[in-house]
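Below is one structure, written out as structure tokens, with a few remarks after it.
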Amino acid sequence: MLRECQQVLTARRMNFTSPHYPNIYPNNINCHWTIHLEPGYRVKLFFTSMELEDRNSLTDKCDYDSVSVHDGSSESDPLLGRWCGSEQPPSFLSKANKMLVILNTDRNSAYKGFSASYTGVVPINVSCTRTEFQIQISQQSLPQLERDSVYLGNPSCSAQMTPTAYKILARFDNCGTAGQKRRNITVLVNTLYIDFSDGKQQNVQEYEVQCDAQRKVASVSIISVEERNRLNELARRAEEANSEGGVQQDSKPHDTSDIVFISICVLAVILMVIAIVWLVLL
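Residue numbers are given in full-length UniProt numbering: position 81 of the sequence shown equals residue 81, and the series is strictly consecutive.
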């Protein structure tokens, strides 16, 4: 049995792939990757690439090679889905601190396989009033982190430490909180940063926190690398649209002035003709 086929992954963040990726995977294997994080954490799983044998054309099922994901550490735990071919699975968030990924292959065709990554989602308690965010994280979830490693919006809005928790109280007019329109509702949005970096590797997790101040309802969700790239792309497009709009607005006064100039010239010619005719008649 392949060694890389039976792994228990305990790091808070990791990339993993099918055996021999990006070369073809072996036939007739049953590989298990068990993600097991500290209690309190949840697992956020992403597939970045998938190339397996296609579905059975008769049954339209993944009868040959497949990847399946379970919300837990065993095959008896809830099945989140099974994929094959070049299907792109969605991202997943476990209910607890464990997740199981299984690769099954048959004895026939073989392909590149898959690449995936996961990150441990810190348990964060977020609430809000009509004027401020209230954020609390248990110290057991963030061992050996300084308080300035946890901040909202910018490093000047770092957490305060109590004997049991990291706490942030931040008014909406501080720390870069901004209003955004979400489904026709204005919500207050900011980014919570948790810096796990050490001297060897940079590791900063980002969480979007938002508040519907009218209803005093708050939520928090991790921002993946893919989501961060999508948000950056949206911001870039918005900036380009604003720039183009500015150019168009600047051009309108020029167009109007040209029309006015031509109108004055035409009027001057008409007046000149009238003057000449009047002199002739005299």
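Glycine is no exception: its CB is placed at the ideal position from the N, C-alpha and C atoms.
State the Cα-Cα distance for the pair H36 and N15, rounded to the nearest angstrom. Reading the sequence shown from its first residue, position 36 is the one you call residue 36. Reading the sequence shown from its first residue, position 15 is the one you call residue 15. Whole-angstrom Cα-Cα distance: 14 Å.
Rounded to whole angstroms, what's the CA-CA distance from G176 to L52? Just pull it up for me. In the sequence shown, counting from the first residue as 1, residue 176 sits at position 176. In the sequence shown, counting from the first residue as 1, residue 52 sits at position 52. Their backbone Cα atoms lie some 45 Å apart in a straight line.
Spatial distance of S197 from A116 (CA atoms): For the purposes of this step, residue 197 is taken as residue 197 along the sequence shown, with counting starting at 1. For the purposes of this step, residue 116 is taken as residue 116 along the sequence shown, with counting starting at 1. One C-alpha to the other measures close to 21 Å.
Determine the extent of the beta strand (DSSP E) in which A213 is found, giving its start and end residues. In the sequence shown, counting from the first residue as 1, residue 213 sits at position 213. A213 -> no beta strand (DSSP E), and no H or E assigned at all.
Quick one: measure Cβ to Cβ for F114 and F46, integer angstroms, because I've assumed they're closer than 8 Å. As a working mapping, residue 114 is identified with position 114 in the sequence shown. As a working mapping, residue 46 is identified with position 46 in the sequence shown. Contact flag wrong, Cβ pair sits at about 11 Å.
Run the CB neighbour count on G120, radius 10 Å, all protein chains shown included, and call it buried at 16 or more, exposed below. For the purposes of this step, residue 120 is taken as the residue at position 120 of the sequence shown. Buried, since its Cβ has 16 or more Cβ neighbours within 10 Å.
Between the Cα of W83 and the Cα atoms of D63, I222 and Q136, which residue gives the shortest distance? On the sequence shown, residue 83 is found 83 positions in, with the first residue counted as 1. For the residues D63, I222 and Q136, the minimum Cα distance to W83 belongs to D63.
Per-residue burial, T186 [other beta carbons within 10 Å of its own, 16 or more giving buried]: Within the sequence shown, numbered from 1, the residue matching residue 186 stands at position 186. Burial check for T186: the Cβ neighbour count within 10 Å stays below 16, so the residue is exposed.
Which word fits M65, buried or exposed, when buried means at least 16 other C-beta atoms lie within 10 angstroms of its C-beta? Working through the sequence shown from its first residue, we reach residue 65 at position 65. Here residue 65 is Asp; the residue named in the question, Met, does not match the sequence. Result: buried.
8 Å contact criterion, which I124 and Y207 should meet: CB distance rounded: Mapped onto the sequence shown, residue 124 falls at position 124. Mapped onto the sequence shown, residue 207 falls at position 207. With 8 Å as the limit, I124 and Y207 qualify as a contact, their Cβ atoms being about 6 Å apart.
Can you tell me the Cα-Cα spacing of L103 and S68, whole angstroms? Mapped onto the sequence shown, residue 103 falls at position 103. Mapped onto the sequence shown, residue 68 falls at position 68. Rounded to the nearest whole angstrom, the C-alpha separation of L103 and S68 is 7 Å.
Output the distance between the C-alpha atoms of V189 and V217, rounded to the nearest integer angstrom. Position 189 of the sequence shown, counted from the start, is the residue given in the question as residue 189. Position 217 of the sequence shown, counted from the start, is the residue given in the question as residue 217. Using only the alpha carbons, I get a separation of about 12 Å.
Just confirm the distance between the C-beta atoms of T10 and L100, as a whole number of angstroms; I'd bet it's less than 8 Å. As a working note, residue 10 is residue 10 in the sequence shown. As a working note, residue 100 is residue 100 in the sequence shown. The Cβ separation is near 14 Å, so there is no contact.
Around the C-beta of V247, are 16 or more other C-beta atoms found within 10 angstroms, so that it is buried, or is it exposed? To locate residue 247, count along the sequence shown from 1; it is residue 247. For V247, the pLDDT reaches just 47, beneath the cut-off of 50, and the residue's location in the model is therefore unreliable, although a value from the coordinates is still provided. Exposed.
Which one of Q202, Y41, T131 and Q134 has the shortest CA to CA distance from P143? In the sequence shown, counting from the first residue as 1, residue 143 sits at position 143. Measuring C-alpha to C-alpha distances from P143 to each of Q202, Y41, T131 and Q134 identifies Y41 as the nearest.
Could you check where the beta strand (DSSP E) with S66 kicks off and where it finishes? Locating residue 66 in the sequence shown gives position 66, counting from the first residue. Annotation: the continuous beta strand (DSSP E) that includes S66 extends over S66 to H70.
Please tell me whether Q139 and T164 are closer than 7 Å, where the distance is taken between their beta carbons. As a working note, residue 139 is residue 139 in the sequence shown. As a working note, residue 164 is residue 164 in the sequence shown. In this structure, T164 lies closer than 7 Å to Q139 by Cβ.
Cα-Cα separation between K112 and C128, rounded to whole angstroms: The residue given as residue 112 occupies position 112 in the sequence shown. The residue given as residue 128 occupies position 128 in the sequence shown. The alpha-carbon atoms of K112 and C128 are separated by roughly 47 Å.
Measuring CB to CB, does G85 end up less than 7 Å from D54? Along the sequence shown, read from residue 1 onward, the residue named residue 85 stands at position 85. Along the sequence shown, read from residue 1 onward, the residue named residue 54 stands at position 54. Cβ atoms of G85 and D54: closer than 7 Å.
Give the C-beta separation of S94 and V43 to the nearest angstrom, bearing in mind that I take them to be a contact with Cβ-Cβ under 8 Å. For this step, residue 94 is matched to residue 94 along the sequence shown. For this step, residue 43 is matched to residue 43 along the sequence shown. Confirmed, Cβ separation roughly 4 Å.
Element boundaries [beta strand (DSSP E), containing K181]: For the purposes of this step, residue 181 is taken as residue 181 along the sequence shown, with counting starting at 1. Residues A178 to R182.
Out of N97, P78, S49 and H70, point me to the one whose CA is closest to Q88's CA. Position 88 of the sequence shown holds residue 88. Closest option to Q88, Cα to Cα, is S49.
Would you report the Cα separation of N154 and N174, rounded to the nearest angstrom? Along the sequence shown, one-based indexing puts residue 154 at 154. Along the sequence shown, one-based indexing puts residue 174 at 174. One C-alpha to the other measures close to 10 Å.
C-alpha gap between L169 and I24, whole angstroms: The residue given as residue 169 occupies position 169 in the sequence shown. The residue given as residue 24 occupies position 24 in the sequence shown. Rounded to whole angstroms, L169 to I24 spans 52 Å at the Cα level.
Let's test the definition: count the other Cβ atoms within 10 Å of the Cβ of N97 and tell me whether it reaches 16, buried, or not, exposed. On the sequence shown, residue 97 is found 97 positions in, with the first residue counted as 1. Classification of N97: buried, given that the 10 Å Cβ count is 16 or more.
Alpha-carbon to alpha-carbon, C211 and C5: Here residue 5 corresponds to residue number 5 of the sequence shown, with the count starting at 1. Here residue 211 corresponds to residue number 211 of the sequence shown, with the count starting at 1. Using only the alpha carbons, I get a separation of about 43 Å.
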